[in-house]
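Here is the structure we will look at, set down as structure tokens.
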Amino acid sequence: IAGPLAAGLAGAGAGGLTGGLIGALVGSGIPEDRAKKYEEGIKNGRIVMGVKTRNDDDATEIEREWLVNKGEEVYR
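Numbering-wise (this note's numbering), the sequence shown opens with residue 45 and increments by one.
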């Protein structure tokens with residue numbers, strides 16, 4: 045991960061979660077309400093994973109595997 049999203053995540057790991065992560069997520073195209081939900085999840089020990097797929101078939105396969113393995117949120 046590179047760019048503003050990586051900077052926001054690095055700040056989150058260092059405990060600087062106040063707005064930096066939300067700004068990075070929104071800046072990468074994620075709606076603010078969803079970004080706030082992700083931030084809350086991270087504060088509660090959850091993870092956020094971003095994947096850029098080659099095509100829609102790959103995205104569908106990754107989504108299916110994520111949900112089969114008890115992943116909770118998929119945003120496309």
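By construction, the Cβ of each residue, glycine as well, lies at the ideal position given by its N, Cα and C atoms.
{"Asked": "Spatial distance of Ile91 from Ile74 (CA atoms)", "Found": "16 Å"}
{"Asked": "Range covered by the alpha helix (DSSP H) that runs through Gly115", "Found": "Looking at the DSSP string, Gly115 is not in any alpha helix (DSSP H), and its letter there is neither H nor E."}
{"Asked": "Span separating the alpha-carbon of Glu83 from that of Ile66", "Found": "7 Å"}
{"Asked": "Of the residues Ala68, Glu76, Lys96 and Gly89, the one placed nearest Arg120, counting alpha carbons only", "Found": "Lys96"}
{"Asked": "Secondary structure of Ile45, DSSP reduced to three states", "Found": "Bear in mind that the predicted position of Ile45 carries a pLDDT of just 47, short of 50, making it unreliable; the figure below should be weighed with that in mind. Correct three-state label for Ile45: coil."}
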